[in-house]
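A.B. asks: In our numbering, the protein residues as written are 2 to 572.
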Amino acid sequence: MWKIEGIPASAGIAIGQIVHIQECVHDFSRTVTPEEAPREKERFLSAQQVAETELDELMERTAATVGEHQAEVFAAHKLMVQDPCLVEAVFDDIETNYASAEAAVETATQSIASMFASLDDEYMRERAADIKDIGKRLMRILQGKVEDVKYEGILVASDLLPSDTAAIDFDLVSGFITALGGKTSHSSILARAAGLAAVVGVGSAIDKLINGDMVIVDGHAGLVFVNPEEAMLEEYRQRLTTEKARAVALAEVGHLPSVTVDGSHIEVASNIGTPADMKKVIAAGADGVGLFRTEFLFLDKTTVPTEEEQFQSYRAVLMAMPDKKIVIRTLDAGGDKQLPFIGGLTEANPALGLRAIRLCMVYQDVFKTQLRALLRAGVEGNLHIMFPMIATLDELVKAKALLKEVADELAREGIAHRSDVPVGIMIEVPSAAVIADILAEEVDFFSIGTNDLVQYTMAADRMNEHVAWLSDYFQPPVIRLIANVARAAQKNGKWVGMCGEMAGDPLATPLLIGLGLTELSMSTRCVPIVKNLVRQLTVQEAKEWADHILTLRTTSDIKKNLEEIATKFDI
Ligand code: PEP
Ligand code: MG
2 MWKIEGIPAS
12 AGIAIGQIVH
22 IQECVHDFSR
32 TVTPEEAPRE
42 KERFLSAQQV
52 AETELDELME
62 RTAATVGEHQ
72 AEVFAAHKLM
82 VQDPCLVEAV
92 FDDIETNYAS
102 AEAAVETATQ
112 SIASMFASLD
122 DEYMRERAAD
132 IKDIGKRLMR
142 ILQGKVEDVK
152 YEGILVASDL
162 LPSDTAAIDF
172 DLVSGFITAL
182 GGKTSHSSIL
192 ARAAGLAAVV
202 GVGSAIDKLI
212 NGDMVIVDGH
222 AGLVFVNPEE
232 AMLEEYRQRL
242 TTEKARAVAL
252 AEVGHLPSVT
262 VDGSHIEVAS
272 NIGTPADMKK
282 VIAAGADGVG
292 LFRTEFLFLD
302 KTTVPTEEEQ
312 FQSYRAVLMA
322 MPDKKIVIRT
332 LDAGGDKQLP
342 FIGGLTEANP
352 ALGLRAIRLC
362 MVYQDVFKTQ
372 LRALLRAGVE
382 GNLHIMFPMI
392 ATLDELVKAK
402 ALLKEVADEL
412 AREGIAHRSD
422 VPVGIMIEVP
432 SAAVIADILA
442 EEVDFFSIGT
452 NDLVQYTMAA
462 DRMNEHVAWL
472 SDYFQPPVIR
482 LIANVARAAQ
492 KNGKWVGMCG
502 EMAGDPLATP
512 LLIGLGLTEL
522 SMSTRCVPIV
532 KNLVRQLTVQ
542 EAKEWADHIL
552 TLRTTSDIKK
562 NLEEIATKFD
572 I
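Encoded structure:
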């Protein structure tokens, strides 16, 4: 037996035989004669058309089998296939160098991919995989091959490309191992959504794996055991059986009331990215939506989404759970989520730049269109509006004034809308956490965004693996800021929740409840796990633990204490 270490990309255990996803080996002539050049351009254009049709089909298939959100990657691929820069590069190579269509596609996609791969931003680096995928698709079409792959077992690949993952039959595949990739790569996101075990970023170790090798993929620890001994196999088989039984039992708990032993109601809500996610939210038994990231409506679009388009999306979410609280966050674009229609803004430090509410204040038309759509949709359910990245009181006052302006406009126009929607803010900038007492007077609620609060408090980029040890929500300064926010909210009679990753971590649940949070919003998969724990806690005891944790001086002391507390419960 031998062991491979990698990045734990998707928790879970998979046991089985590995299969390498074969890269197609292409044999083609690299150049053509000058007379043949126009024909190569035609060949490229027809391959482009076939690729678009294939991507449309993939989009439909993935939306039906995995989810709308995961299908969106193929919409992005379609845009990339149509990208004038790609077409220009291919045509140029054919015209100038008499390259064959295959050679031109290979050269163009490889050069765009290397450009992406060299960027600092992890998200942008991951896009290199998309470009390679497009190159592979166009190449296959040019060579007259059809897509007919079906994989089985545990997949091994240098990087699992989105079109590979679309070909996966989830009844036959239980996990995967990739040489490249990080936690935010498509393959990792897909693995988590589909509940597959995955270890990524293992490097050249995949070359030593032979088709048919028996492996254990431990997606919790980021380990792969190759050809393990029977005793280890048996141990992992038992863990797998326990995990499966646990998931079935917890699924039922998800639908029970989220009430502590001493009778306090703690809302266990879900974070969503598109209206299609609501099916899973309802199935998991969530108490509502604590964060709807509305960016999906805006990113990858060439024009601003219309008021009607937005209205239909917000309405769909509200109508899916008409009696539950739905917190919709206004546009959090900018930073690493650039909007194509807002124009080439280059900032040295985009995370500290024109992002979220700051961007909306500059592009007020875009912001007001969203607010109009929200207030109109508000008629349908229990809408709460939340502003992201608020750092000062002025920003909040201005955002509220624009909301009022929009409500007055709708009233004047005689358009049905709700004018008394509760308004809250995300607390994700340390300045806001420090002046929470001032902000609390102006809001109906707070929701703490630990993903950014940690990044800005610790001055550690949330995407940068080199400072990962600082990016920890159990850092004492982060806990103190959360406590400050909770105190300020309580003093002003406002509720305080959390929608950052910390909210879905059961280790944090006793602390957060002890600090006074009454709403926790998380990825849908965590809902039953956290609800199950909430139902075993008493607020009184949690408060005592939280008071003690606030006196601890290091992250490791805090974690040790919380781990000790966790042993008292069935998690
Ligand atoms: C956060 O910052 O914690 C948060 C929930 O927002 P996002 O992850 O969308 O930045
Ligand atoms: Mg954030």
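The C-beta atom is built at its ideal place from N, Cα and C for all residues, glycine as well.
By the 10 Å Cβ neighbour count, where 16 or more other Cβ atoms means buried, how is ARG373 classified, buried or exposed?
C.D. replies: The sequence position of residue 373 within the sequence shown is 372, counting from 1. Buried, by the Cβ-count rule.
A.B. asks: Can you grab the Cα-Cα spacing for the pair GLN491 / ASP548, in whole Å?
C.D. replies: Working through the sequence shown from its first residue, we reach residue 491 at position 490. Working through the sequence shown from its first residue, we reach residue 548 at position 547. Looking at the two C-alpha atoms, the distance is approximately 16 Å.
A.B. asks: Which complete alpha helix (DSSP H) runs does the region 497–558 hold, if anything under 4 residues is left out?
C.D. replies: The region 497–558 contains these whole alpha helix (DSSP H) runs: 510–516, 528–535, 540–550.
A.B. asks: How far does the alpha helix (DSSP H) with LEU319 in it extend, from its first residue to its last?
C.D. replies: For the purposes of this step, residue 319 is identified with residue 318 of the sequence shown, where counting begins at 1. Counting along the chain, the alpha helix (DSSP H) containing LEU319 begins and ends at 308–321.
A.B. asks: Would the beta-carbon of GLU429 be found less than 7 Å away from any heavy atom of the ligand PEP?
C.D. replies: Counting from 1 along the sequence shown, the entry for residue 429 is found at position 428. Answer for GLU429: yes, Cβ within range of the ligand PEP.
A.B. asks: For VAL26, is the classification buried or exposed, using 16 other Cβ atoms within 10 angstroms of its Cβ as the cut-off for buried?
C.D. replies: Here residue 26 is taken as the residue at index 25 of the sequence shown, counted from 1. Its pLDDT being 49, under 50, VAL26 is placed unreliably in this model, and the value from its coordinates should be taken loosely. Exposed: under 16 other Cβ atoms inside 10 Å.
A.B. asks: By the 10 Å Cβ neighbour count, where 16 or more other Cβ atoms means buried, how is ARG554 classified, buried or exposed?
C.D. replies: Mapped onto the sequence shown, residue 554 falls at position 553. Exposed.
A.B. asks: Touching or not, the region 265–272 and the region 241–250, by the rule of three or more beta carbon pairs under 8 Å?
C.D. replies: Output reads no: the region 241–250 does not touch the region 265–272.
A.B. asks: Keeping to the same chain, check which residues put their C-beta closer than 6 Å to that of GLU235; ignore five residues upstream and five downstream.
C.D. replies: Your numbering for residue 235 matches position 234 in the sequence shown. So the list is empty, once near-sequence residues are dropped.
A.B. asks: Just to confirm, is the Cβ distance from SER11 to SER189 under 8 Å?
C.D. replies: Translated into the one-based positions of the sequence shown, residue 11 becomes position 10. Translated into the one-based positions of the sequence shown, residue 189 becomes position 188. It is a contact, given that the beta carbons lie within the stated cut-off.
A.B. asks: Report, in whole angstroms, the separation of the C-beta atoms of LYS326 and GLY289, which I expect to be a contact under 8 Å.
C.D. replies: Working through the sequence shown from its first residue, we reach residue 326 at position 325. Working through the sequence shown from its first residue, we reach residue 289 at position 288. Rounded, the Cβ-Cβ distance is 4 Å, consistent with contact.
A.B. asks: With respect to 7 Å, is the separation between the Cβ of ARG359 and the closest non-hydrogen atom of the ligand PEP below this value?
C.D. replies: Numbered from its first residue, the sequence shown carries residue 359 at position 358. Answer for ARG359: no, Cβ out of range of the ligand PEP.
A.B. asks: What three-state label does DSSP hand VAL26 in the structure shown?
C.D. replies: One-based indexing of the sequence shown puts residue 26 at position 25. With a pLDDT of 49 at VAL26, under the threshold of 50, the modelled position of that residue is not reliable, and the figure given next carries that caveat. Coil, per DSSP.
A.B. asks: How about PHE19 and ASP214: are their beta carbons less than 8 Å apart?
C.D. replies: Working through the sequence shown from its first residue, we reach residue 19 at position 18. Working through the sequence shown from its first residue, we reach residue 214 at position 213. Note that residue 19 corresponds to Ile in the displayed sequence, not to Phe. In contact: ILE19 and ASP214 (Cβ atoms closer than 8 Å).
A.B. asks: Counting along the chain, where does the beta strand (DSSP E) carrying ALA10 start and finish?
C.D. replies: On the sequence shown, position 9 is the one that residue 10 refers to. Here the beta strand (DSSP E) through ALA10 covers 8–11.
A.B. asks: Among GLY202, ALA484, PHE171, whose alpha-carbon lies nearest the alpha-carbon of PRO431?
C.D. replies: Your numbering for residue 431 matches position 430 in the sequence shown. Considering only alpha carbons, the answer is ALA484.
A.B. asks: Could you tell me the boundaries of the beta strand (DSSP E) in which VAL157 lies?
C.D. replies: Position 156 of the sequence shown, counted from the first residue, corresponds to residue 157. Its beta strand (DSSP E) spans residues 154–158.
A.B. asks: What's the C-alpha gap between ALA504 and TYR237?
C.D. replies: Counting from 1 along the sequence shown, the entry for residue 504 is found at position 503. Counting from 1 along the sequence shown, the entry for residue 237 is found at position 236. Computed Cα separation, rounded: 29 Å.
A.B. asks: Measuring alpha carbon to alpha carbon, tell me which residue in VAL200, GLN50, LEU292, ILE22 is nearest ILE14.
C.D. replies: As a working mapping, residue 14 is identified with position 13 in the sequence shown. It is VAL200.
A.B. asks: Does the region 251–267 touch the region 516–531, meaning 3 or more C-beta pairs lie closer than 8 Å?
C.D. replies: Result yes; three or more Cβ-Cβ pairs closer than 8 Å.
A.B. asks: Just mark LEU46 as buried or exposed, buried being the case when its beta carbon has 16 or more other beta carbons within 10 Å.
C.D. replies: As a first step, residue 46 must be located in the sequence shown, where it is residue number 45. When all chains shown are included, LEU46 counts as exposed.
A.B. asks: If you draw a straight line from the alpha carbon of ILE559 to that of ARG463, how long is it in whole angstroms?
C.D. replies: Along the sequence shown, read from residue 1 onward, the residue named residue 559 stands at position 558. Along the sequence shown, read from residue 1 onward, the residue named residue 463 stands at position 462. The alpha-carbon atoms of ILE559 and ARG463 are separated by roughly 21 Å.
A.B. asks: For PRO306, I'd like the list of residues in its chain whose CB is within less than 7 Å of its CB, leaving aside the five on either flank, ordered along the chain.
C.D. replies: For the purposes of this step, residue 306 is identified with residue 305 of the sequence shown, where counting begins at 1. Only LEU298, PHE299 meet the Cβ criterion.
A.B. asks: Exposed or buried, TRP3, counting other C-beta atoms within 10 Å across all chains shown (16 or more means buried)?
C.D. replies: As a position in the sequence shown, residue 3 is number 2, starting the count at 1. Burial call: exposed.
A.B. asks: So the alpha helix (DSSP H) LYS401 belongs to, where does it begin and stop?
C.D. replies: Counted from its first residue, the sequence shown places residue 401 at position 400. Looking at the DSSP string, the run of the alpha helix (DSSP H) that includes LYS401 is 394–413.
A.B. asks: Can you pull the DSSP bridge partners for ASN383?
C.D. replies: For the purposes of this step, residue 383 is taken as residue 382 along the sequence shown, with counting starting at 1. Paired residues: LYS326.
A.B. asks: Short check: CB of LEU440 to CB of THR261, under 8 Å?
C.D. replies: Reading the sequence shown from its first residue, position 439 is the one you call residue 440. Reading the sequence shown from its first residue, position 260 is the one you call residue 261. No. Outside cutoff.
A.B. asks: Distance check for ASP445 and VAL424, CA to CA, integer angstroms please.
C.D. replies: For the purposes of this step, residue 424 is identified with residue 423 of the sequence shown, where counting begins at 1. For the purposes of this step, residue 445 is identified with residue 444 of the sequence shown, where counting begins at 1. Answer to the nearest angstrom: the Cα atoms are 5 Å apart.
A.B. asks: Identify which residue in LEU508, THR110, ALA487, LEU513 has its Cα closest to the Cα of ALA130.
C.D. replies: Taking the sequence shown and counting its residues from 1, the one referred to as residue 130 is at position 129. Closest option to ALA130, Cα to Cα, is THR110.
A.B. asks: Hey, MET81 and ILE132: beta-carbon distance below 8 Å or not?
C.D. replies: Translated into positions along the sequence shown, residue 81 becomes position 80. Translated into positions along the sequence shown, residue 132 becomes position 131. A contact, by the Cβ cut-off of 8 Å.
A.B. asks: Using 7 Å as the cut-off, classify the Cβ of ASP575 as near or not near the heavy atoms of the ligand MG, replying yes or no.
C.D. replies: Because the chain spans 2 through 572 in this model, residue 575 falls outside it and cannot be assessed.
A.B. asks: If you measure between the beta carbons of ILE358 and MET390, is that distance less than 8 Å?
C.D. replies: Here residue 358 refers to the residue found at position 357 when the sequence shown is read from its first residue. Here residue 390 refers to the residue found at position 389 when the sequence shown is read from its first residue. The answer is yes: Cβ separation under 8 Å.
A.B. asks: Measuring alpha carbon to alpha carbon, tell me which of ILE514, GLU565, ASN562 ends up nearest GLN541.
C.D. replies: Start at 1 with the first residue of the sequence shown, and residue 541 comes out as number 540. Out of ILE514, GLU565, ASN562, ILE514 has the C-alpha closest to the C-alpha of GLN541.
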